[in-house]
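Asks: In my numbering, the protein residues as written are 690 to 1054. Beta carbons: idealized from backbone N, C-alpha and C, even for Gly. In this text, all values refer to a predicted model and were calculated from it rather than measured experimentally.
Encoded structure:
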């Protein structure tokens, strides 16, 4: 195949590109510049799209003897990922920017350009596997459960899956990937993995959002509507949050309270007991299938609501207007805006963005 290897400057994409070359494919390396003001250096595991990352990717390409390019996708990234992140928080939802980046940048913008240039597939260092099924390629979990990234790939469509290549999916552990990188003489063999949100390298999401959208004093209320505190911007809170609430009225039982809901229209934050975070049902209108659509409108499955959460057995109901999922056991701390990825065994069936939730605990409980 003619393969375009997306090279972040990290060890995973480096080894993925090396394996693609070793497999005999015609490989070209590309580094995506996603920031107009990328930093010069990383700070440990923080940061992304730095000059250092681009240089690391170039060194690996030189070692492999493949052409290398840097493509500026910063404007597309700003519009589709950063502005989406801000607008979702303003709407009282909790977005997943990594998943959105996969959907809009790596497997949309990049793949579109790759196909236009005659490439057969985009190769990345994601930990996931592709299996030939009766109805075409299927997206499955990686062999290494600890590194499995199938959740953030749940937004891929059948057409996109047909043009992807994940050389690391069947590798038993990340330690083996690092060892292979060292054996190949790849300089980033021990480079730390990136964490947190790449465009907020200091990890201060609340401060970053305050700079972007400003502050606006509002009320913090309990489930009955009684005012128990105040805040300087509802966008700074997310469902399940406990710290930083600064409540002026203690709970009657003396127990900690958690954010249960964010209401941006009234700039109100609702808090309550931990038990009230239990969610009996989730649903969403924005959904997609990672391959062939399910043959039934109602079926047994597992649902996963965060990248590193355990999958929960559930029953899914599909209509023309969206997807509703009822888990066997209540889900904990679900926020609108999160992505719910539906699995059947190891296979990723599809995903939807959570719009509404139904509490498992009545207000008067």
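With burial defined as no fewer than 16 other Cβ atoms inside 10 Å of the residue's Cβ, what is the status of residue 879: buried or exposed?
Replies: Position 190 of the chain shown holds residue 879. Exposed, by the Cβ-count rule.
Asks: Do you know whose CA, among 889, 747, 908, 910, lies nearest residue 640's CA?
Replies: No answer is possible for residue 640: the residues shown for the chain start at 690 and end at 1054.
Asks: How close, in whole Å, do the beta carbons of residue 1025 and residue 1045 come, if the pair is a contact with beta carbons under 8 Å?
Replies: As a working mapping, residue 1025 is identified with position 336 in the chain shown. As a working mapping, residue 1045 is identified with position 356 in the chain shown. Confirmed, Cβ separation roughly 7 Å.
Asks: Taking only three categories from DSSP, how would you classify residue 845?
Replies: Counting from one through the chain shown, the residue named residue 845 turns up at place 156. In the structure shown, residue 845 sits in coil (DSSP, three-state: anything other than H, G, I, E or B).
Asks: Tell me, please, which residues DSSP counts as bridged to residue 978.
Replies: Within the chain shown, numbered from 1, the residue matching residue 978 stands at position 289. Paired residue(s): 1039.
Asks: Is the stretch 1012 to 1029 in contact with the stretch 957 to 971, if contact means three or more CB pairs nearer than 8 Å?
Replies: Verdict: yes, contact present.
Asks: Kindly give me the distance between the Cβ atoms of residue 992 and residue 854, rounded to whole angstroms, as I take these residues to be in contact under 8 Å.
Replies: In the chain shown, counting from the first residue as 1, residue 992 sits at position 303. In the chain shown, counting from the first residue as 1, residue 854 sits at position 165. So it is not a contact: roughly 27 Å between Cβ atoms.
Asks: Over what stretch of residues does the alpha helix (DSSP H) that includes residue 763 continue unbroken?
Replies: Within the chain shown, numbered from 1, the residue matching residue 763 stands at position 74. Start and end: 763 to 766.
Asks: With a threshold of 8 Å on Cβ separation, who are the neighbours of residue 914 within its own chain once the five nearest residues in sequence on each side are excluded?
Replies: Taking the chain shown and counting its residues from 1, one reaches residue 914 at position 225. Nothing listed; no residue qualifies.
Asks: If you run the structure through DSSP and keep just helix, strand and coil, what is residue 790?
Replies: Here the question's residue 790 lines up with position 101 in the chain shown. Note: residue 790 maps to helix in three-state DSSP.
Asks: Is residue 840 helix, strand or coil when you go by DSSP?
Replies: The residue given as residue 840 occupies position 151 in the chain shown. Correct three-state label for residue 840: helix.
Asks: Rounded to whole angstroms, what is the Cα-Cα separation between residue 1049 and residue 1029?
Replies: Along the chain shown, one-based indexing puts residue 1049 at 360. Along the chain shown, one-based indexing puts residue 1029 at 340. The straight-line gap from Cα to Cα measures roughly 18 Å.
Asks: Look at the Cβ atom of residue 807, then the Cβ atom of residue 699, and state whether they are nearer than 8 Å.
Replies: What you label residue 807 is simply residue 118 of the chain shown in a count that begins at 1. What you label residue 699 is simply residue 10 of the chain shown in a count that begins at 1. Contact flag unset, no.
Asks: Could you have a look at residue 949 and say whether DSSP puts it in helix, strand or coil?
Replies: One-based indexing of the chain shown puts residue 949 at position 260. DSSP places residue 949 in strand when its eight states are reduced to three.
Asks: Should residue 852 go down as buried or exposed, given a rule of 16 or more other Cβ atoms within 10 Å for buried?
Replies: Locating residue 852 in the chain shown gives position 163, where the first residue counts as 1. It is buried - the Cβ of residue 852 has at least 16 other Cβ atoms within 10 Å.
Asks: Using beta-carbon positions only, say whether residue 866 and residue 704 come within less than 8 Å of one another.
Replies: Counting from one through the chain shown, the residue named residue 866 turns up at place 177. Counting from one through the chain shown, the residue named residue 704 turns up at place 15. Yes. Within cutoff.
Asks: For residue 730, collect the residues of the same chain with a Cβ closer than 7 Å to its Cβ; drop the 5 residues on either side in sequence, then sort them by chain order.
Replies: Mapped onto the chain shown, residue 730 falls at position 41. Its pLDDT being 47, under 50, residue 730 is placed unreliably in this model, and the coordinates cannot settle the point.
Asks: Taking 7 Å as the limit between beta carbons, can you name the residues of its chain near residue 897, skipping five residues before and five after?
Replies: As a working note, residue 897 is residue 208 in the chain shown. Same-chain partners within the cutoff: 889.
Asks: Output needed for residue 910: all residues of its chain with C-beta closer than 7 Å, excluding positions within five of it in sequence on either side, in chain order.
Replies: Your numbering for residue 910 matches position 221 in the chain shown. 916, 917, 957, 959, listed in sequence order.
Asks: Could you pull out every residue in the same chain whose Cβ sits closer than 6 Å to the Cβ of residue 820, ignoring the five residues on either side in sequence?
Replies: Locating residue 820 in the chain shown gives position 131, counting from the first residue. Excluding positions up to five away in sequence, the list reads 827, 829.
Asks: Applying the 10 Å Cβ sphere with the 16-neighbour rule, what's the burial state of residue 1018?
Replies: Walking along the chain shown from the start, residue 1018 turns up at place 329. That one is exposed.
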